[in-house]
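Numbering (the numbering used here), first residue to last: 61 to 365.
Where is the CB? At the ideal position from N, CA and C, for every residue including glycine.
Predicted model, so just to flag it, every value in this text is computed and none were measured.
The block underneath contains the structure these notes are about, expressed in structure tokens.
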Ligand SMILES: NC(=O)c1ccc[n+]([C@@H]2O[C@H](COP(=O)([O-])OP(=O)(O)OC[C@H]3O[C@@H](n4cnc5c(N)ncnc54)[C@H](OP(=O)(O)O)[C@@H]3O)[C@@H](O)[C@H]2O)c1
């Protein structure tokens, strides 16, 4: 069986009838429970090392969350904080050491990287068998060619949400807004696959798309991965649409200092559409679980287990 198929076979998959609010919390809980059970059964301790350069607050938050979740399910997550002034060669050497360490099953380079570093050379350096973010061109290429390899956590989270809620993609028109390497591009390719979560007709929009609303209104399933708070309004969606909001944006809040919202204006779209993911509590919640699932997959690949 291919890794990609295994990645989506959680016990909770498909057990729910769809509700209008497509929460990610129960899905994530099922994934964590499955990973934990697997780890306990096999008496293993997969290990992820995260390289965190500098002190970006959002990156620190994500990493701390991975450490916390990992420790609950039996995955060792070690964060190595590197000085923001680290040079290219020293970083490449650190990655080389991790590549050659059999105790380390997975390596993650937390972004954003300082601008003096050459990101593409660094990504290429990470052993593709430990590349749980699936940024290495080999993993990207395998994904496009429908061959064995890691699937990036956020696109995998979207597929898991579709599977869990039994949302049909076959023959559906899926419009993705955003063409980034970590969300839009891999997701479009996954949805095009000849598979249970594929066979869709996919339109990918971006900042140069003319008359964006014309396209988004055509969508049976609309996926927003833009990075602009509350950008998609109700006049940009049809009433039959299922809306999946990948965006996570921090905005000012009168009561608290700040709060997180998606790329979709949930409040104004909720009444109109047929179903919609919340932010927070939607795709982001599942993404963390899928990343840790990739760590387990990496362990199994390396240990033929
Ligand atoms: N939930 C999760 O687990 C998760 C994971 C990753 C990212 N995210 C969130 O998802 C969002 C997108 O992240 P990303 O890394 O994919 O962002 P990104 O690399 O900045 O890409 C944003 C994409 O949106 C497009 N775009 C920007 N403004 C637009 C506009 N006015 N109309 C149409 N398209 C527009 C850009 O077009 P161009 O290509 O033409 O510039 C680009 O393709 C962010 O909010 C991020 O925080 C969430």
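query                                                                                                                                                                               : result
For my contact list, residue 301 and residue 280 are in at a C-beta cut-off of 8 Å; report their separation, rounded to the angstrom.                                               : 7 Å
Look up residue 196 in the DSSP assignment and say whether it is helix, strand or coil.                                                                                             : coil
For the beta strand (DSSP E) holding residue 168, just list the boundary residues, first then last.                                                                                 : 166-170
Does the beta-carbon of residue 276, which I'm using as the reference point, lie nearer than 7 Å to any heavy atom of ligand 1?                                                     : no
How many angstroms separate the CA atom of residue 223 from the CA atom of residue 192?                                                                                             : 21 Å
Residue 136 bridges to which residues according to DSSP?                                                                                                                            : 107
Kindly examine ligand 1 and report whether one of its heavy atoms sits closer than 7 Å to the Cβ of residue 272.                                                                    : yes
For residue 258, which residues in the same chain have their Cβ closer than 7 Å to its Cβ, ignoring the five residues on either side in sequence?                                   : 229, 250, 251, 252
To the nearest angstrom, how far is the alpha carbon of residue 328 from that of residue 336?                                                                                       : 11 Å
Report the rounded CA-to-CA distance for residue 316 versus residue 121, giving the unit in angstroms.                                                                              : 17 Å
Measuring alpha carbon to alpha carbon, tell me which of 200, 98, 321, 286 ends up nearest residue 267.                                                                             : 286
Is the CB-CB distance between residue 307 and residue 339 below 8 Å?                                                                                                                : yes
Count the other C-beta atoms from every protein chain shown that fall within 10 angstroms of the C-beta of residue 106, then say buried if there are 16 or more, exposed otherwise. : buried
In the DSSP assignment, the alpha helix (DSSP H) including residue 182 goes from what residue to what residue?                                                                      : 179-185
Could you tell me which of 245, 226, 244 sits nearest to residue 256, measuring between CA atoms?                                                                                   : 226
Which residue comes first and which comes last in the beta strand (DSSP E) that contains residue 218?                                                                               : Unbroken run through residue 218 is the alpha helix (DSSP H), 213-224; no beta strand (DSSP E).
Along the chain, where does the alpha helix (DSSP H) containing residue 50 start, and where does it finish?                                                                         : Examination of residue 50 is not possible in this model, given that the chain is present from 61 through 365 alone.
State the DSSP-derived secondary structure class of residue 266, mapped to helix, strand or coil.                                                                                   : coil
Between the beta-carbon of residue 9 and the beta-carbon of residue 91, is there less than 8 Å?                                                                                     : Because the chain spans 61 through 365 in this model, residue 9 falls outside it and cannot be assessed.
In the DSSP assignment, the alpha helix (DSSP H) including residue 358 goes from what residue to what residue?                                                                      : 343-363
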